[in-house]
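Have a look at the structure below, then the notes.
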Amino acid sequence: MTHVTEPSGRGPVGDPGDVEAPDPRRWKALAVCLVAGFMNLLDVSIVNVALPSIRSSLNASVSDLQWVLSGYALTFGLVLVPAGRLGDARGRRGVFMVGLALFTATSAAAGLAPGPGWLSGARFVQGAAGGLVNPQVAGLIQQLFRGAERGTAFGLLGATIGVSTAVGPLLGGAIIALAGTADGWRWVFFVNVPVGMLALPLAYRLIPPDEARRGRGLRSSLDPVGVLLLGVGVLALLLPFVEEREWAGRGKWLLIPVALAVLGAFVAWERRCRARGGEPVVDLALFRVRSYALGVTIALLYFAGFTGIFFMFALYLQSGLGYTALAAGLAITPFALGSAAASALGGRAVTRRGRPLVTAGLLLVAVGLVATAVADRLASGRQVGLALALPLLVAGVGSGLVISPNQTLTLAQVPVRGGGSAAGVLQTAQRIGSSVGIAAVGSVFFATVASSREDWALGFRNALWVAVAFVATALAVAILDLLTAAARHR
Numbered sequence: 028m029t030h031v032t033e034p035s036g037r038g039p040v041g042d043p044g045d046v047e048a049p050d051p052r053r054w055k056a057l058a059v060c061l062v063a064g065f066m067n068l069l070d071v072s073i074v075n076v077a078l079p080s081i082r083s084s085l086n087a088s089v090s091d092l093q094w095v096l097s098g099y100a101l102t103f104g105l106v107l108v109p110a111g112r113l114g115d116a117r118g119r120r121g122v123f124m125v126g127l128a129l130f131t132a133t134s135a136a137a138g139l140a141p142g143p144g145w146l147s148g149a150r151f152v153q154g155a156a157g158g159l160v161n162p163q164v165a166g167l168i169q170q171l172f173r174g175a176e177r178g179t180a181f182g183l184l185g186a187t188i189g190v191s192t193a194v195g196p197l198l199g200g201a202i203i204a205l206a207g208t209a210d211g212w213r214w215v216f217f218v219n220v221p222v223g224m225l226a227l228p229l230a231y232r233l234i235p236p237d238e239a240r241r242g243r244g245l246r247s248s249l250d251p252v253g254v255l256l257l258g259v260g261v262l263a264l265l266l267p268f269v270e271e272r273e274w275a276g277r278g279k280w281l282l283i284p285v286a287l288a289v290l291g292a293f294v295a296w297e298r299r300c301r302a303r304g305g306e307p308v309v310d311l312a313l314f315r316v317r318s319y320a321l322g323v324t325i326a327l328l329y330f331a332g333f334t335g336i337f338f339m340f341a342l343y344l345q346s347g348l349g350y351t352a353l354a355a356g357l358a359i360t361p362f363a364l365g366s367a368a369a370s371a372l373g374g375r376a377v378t379r380r381g382r383p384l385v386t387a388g389l390l391l392v393a394v395g396l397v398a399t400a401v402a403d404r405l406a407s408g409r410q411v412g413l414a415l416a417l418p419l420l421v422a423g424v425g426s427g428l429v430i431s432p433n434q435t436l437t438l439a440q441v442p443v444r445g446g447g448s449a450a451g452v453l454q455t456a457q458r459i460g461s462s463v464g465i466a467a468v469g470s471v472f473f474a475t476v477a478s479s480r481e482d483w484a485l486g487f488r489n490a491l492w493v494a495v496a497f498v499a500t501a502l503a504v505a506i507l508d509l510l511t512a513a514a515r516h517r
């Protein structure tokens with residue numbers, strides 16, 4: 028493993044001992060990767076504002092709409108880790124291009140959907156395609172960049188993550204406003220097609236050729252038993268949360284202990300695989316690396332609070348205050364702008380500041396969200412969006428100082444050879460956190476609205492406190508780590 032300075036403190040991160048000449052095409056290759064990553068992550072949030080249009084156009088039921096959303100999230104989360112392992116073992120460019128081509132084709136299929144069943148099926152495959160692409164982006168950053176440049180590259184990736192999540196409702200609302208409510212939802216998917224067709228030849232030209240291992244079968248390099256156990260475990264864990272509102276009764280929560288049992292079997296199998304000289308799908312030794320284990324934990328907790336904000340805010344503005352989809356998207360823009368700017372700055376600063384930068388970002392997010400709750404209580408009616416702009420900007424700046432620096436620090440001590448699978452585990456933690464967070468804030472939000480005679484503002488504030496609790500927990504973990512590191516260095 029390449030030696031680096033411990034990233035929990037203020038020391039630099041990267042690969043100072045690596046003297047290999049950098050690839051001259053690395054920044055252009057990164058641009059192609061970020062475009063693909065933006066499309067994949069955008070499709071998690073952009074569809075939310077298109078649901079009313081889809082419902083009226085395809086005569087879709089509430090259950091149909093739920094699967095349009097959750098089908099993408101489920102397959103996206105399931106594919107991340109094995110896709111990262113596949114890229115590590117067989118070459119990242121090839122997996123990236125297959126995923127991008129499939130994503131482009133399924134975007135066209137979704138836009139052409141004649142009915143809700145077709146649309147849901149296309150979304151399932153589209154999510155899997157997105158899951159193929161995303162770990163390759165982080166793995167290629169590990170492969171192409173070193174030292175401070177790696178922090179900058181991850182900063183740009185963090186900006187992409189933050190902006191794609193926050194700008195989805197705005198872009199979706201704008202597309203529907205331009206294309207009309209009847210078939211505007213189709214252009215939410217069609218917009219991916221020309222972008223994907225342009226990105227594919229650029230990816231082939233700019234991303235370095237694969238250096239896949241030769242003389243080894245696909246079976247031996249991919250650990251199929253581990254992939255199966257991990258897939259079943261993650262599916263059982265995610266399903267109750269993504270179907271929380273549509274799956275009536277408490278029986279769904281029985282899947283949680285099933286998931287834990289299957290994931291326990293996965294851990295036992297991976298240890299056995301490693302002991303026998305095989306290549307497990309996840310190198311569990313990574314979790315003995317303090318920076319990696321801490322970063323995955325913070326990502327899981329932060330995404331539980333961060334993602335749920337947009338879910339309930341869009342509902343509050345549109346259903347409670349009568350905002351159009353475009354106006355609701357504009358109201359979320361301050362968070363996106365703050366996140367984009369701070370992500371780029373945080374990516375450059377993380378090589379000097381280390382883990383304290385993430386801690387400061389989490390504190391800013393918590394302060395911004397608390398201020399958002401206070402501002403919402405003081406504002407009323409159509410002025411809410413304007414009143415919340417400054418607090419959301421503060422939270423967005425904090426978010427930019429969390430996502431990309433945390434990803435840089437989490438992967439700093441991961442060998443390049445395993446960068447894809449390590450990134451897949453990190454992103455799976457983010458997806459699990461997002462699903463848990465949306466389920467938690469959604470439960471509080473809808474329960475409050477139902478019990479308070481449709482007081483949407485009260486529902487928003489109560490749900491916001493749940494998001495604050497997740498962020499505060501992540502902050503507590505980060506502060507505890509800093510205190511532990513300081514005590515160890517005395």
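According to the working numbering, the residues represented by the sequence shown are 28 to 517, in order.
For each residue, glycine too, the CB sits at the ideal point set by N, CA and C.
Between the alpha carbons of A87 and P143 lies a distance of about 6 Å. Look at R458 here: in three-state DSSP terms it is helix. Contact check for G447 against R52 fails: the beta carbons are separated by 8 Å or more. Burial state of G166 is buried, judged by a 10 Å Cβ sphere holding 16 or more other Cβ atoms. For the 8 Å CB-CB criterion, T500 and G174 do not form a contact. Annotation note: the region 336-393 contains the following uninterrupted alpha helix (DSSP H) runs of length 4 or greater, listed N- to C-terminal: 352-380. Under the three-state reduction of DSSP output, Q440 falls in the coil class, being neither helix nor strand. Cβ contact annotation for V259 (same chain, cutoff 7 Å, sequence separation greater than five): V289, in chain order.
Taking a cut-off of 8 Å on C-beta distances, the region 219-229 touches the region 131-147, as three or more cross pairs fall below it. For the pair of segments examined, the region 452-466 was found to touch the region 323-342: the number of CB pairs separated by less than 8 Å reaches three. For T208, there is no enclosing alpha helix (DSSP H), since its DSSP letter is neither H nor E. Residue environment: A110 is assigned as buried (16 or more neighbouring CB atoms within 10 Å of its CB, all protein chains considered). Each of I203, G157, A209, Q454 was checked against the Cα of V62, and the nearest Cα belongs to G157.
Contact fails between the region 503-511 and the region 360-370, because fewer than three Cβ pairs, one in each stretch, are under 8 Å apart. Fully contained in the region 257-307 are the following alpha helix (DSSP H) runs of length 4 or more, in chain order: 282-302. Burial check for A56: the Cβ neighbour count within 10 Å reaches 16 or more, so the residue is buried. With fewer than 16 other Cβ atoms inside 10 Å of its own Cβ, Q410 counts as exposed. Under the three-state reduction of DSSP output, R480 falls in the coil class, being neither helix nor strand. Around the beta carbon of M124, a 10 Å sphere encloses 16 or more other beta carbons of the protein chains shown; the residue is thus reported as buried. Straight-line spacing of the CA atoms in T334 and A180 works out to 23 Å. Under the three-state reduction of DSSP output, D508 falls in the helix class. Separation of P49 and S147 (C-alpha to C-alpha, rounded to the nearest whole angstrom) is 43 Å. Its Cα nearest to that of V397, the residue V498 stands out among D91, V498, P432, A292. If the five residues before and after L256 are omitted, its C-beta is found closer than 8 Å to the C-beta atoms of V289, L290, A292, F293, W296, all from its own chain and listed in chain order.
By a beta-carbon distance limit of 8 Å, Q434 contacts G185. Their separation comes to about 6 Å. When A514, R515, L502, G469 are compared, the shortest CA-CA separation from V493 is found for G469. Between the beta-carbon of L420 and that of V385 there is about 19 Å, and that puts the pair past the 8 Å contact cut. Excluding residues up to 5 positions away in sequence, P109, V308 lie with their Cβ nearer than 6 Å to the Cβ of V254 in the same chain.
Annotation: the continuous alpha helix (DSSP H) that includes A132 extends over 119-138. With respect to G200, A352 sits close: the two C-beta atoms are nearer than 8 Å.
About 6 Å separates the beta carbons of A77 and I203, which is inside the 8 Å limit, making them a contact pair. Rounded to the nearest whole angstrom, the C-alpha separation of L85 and G304 is 53 Å. Straight-line spacing of the CA atoms in A128 and L107 works out to 17 Å. In the displayed model, G142 falls within coil according to three-state DSSP, outside both helix and strand.
S80 is classed as buried because its beta carbon has at least 16 other beta carbons within 10 Å across all chains shown. Cα atoms of L281 and W274: separation of roughly 12 Å, rounded to the nearest angstrom.
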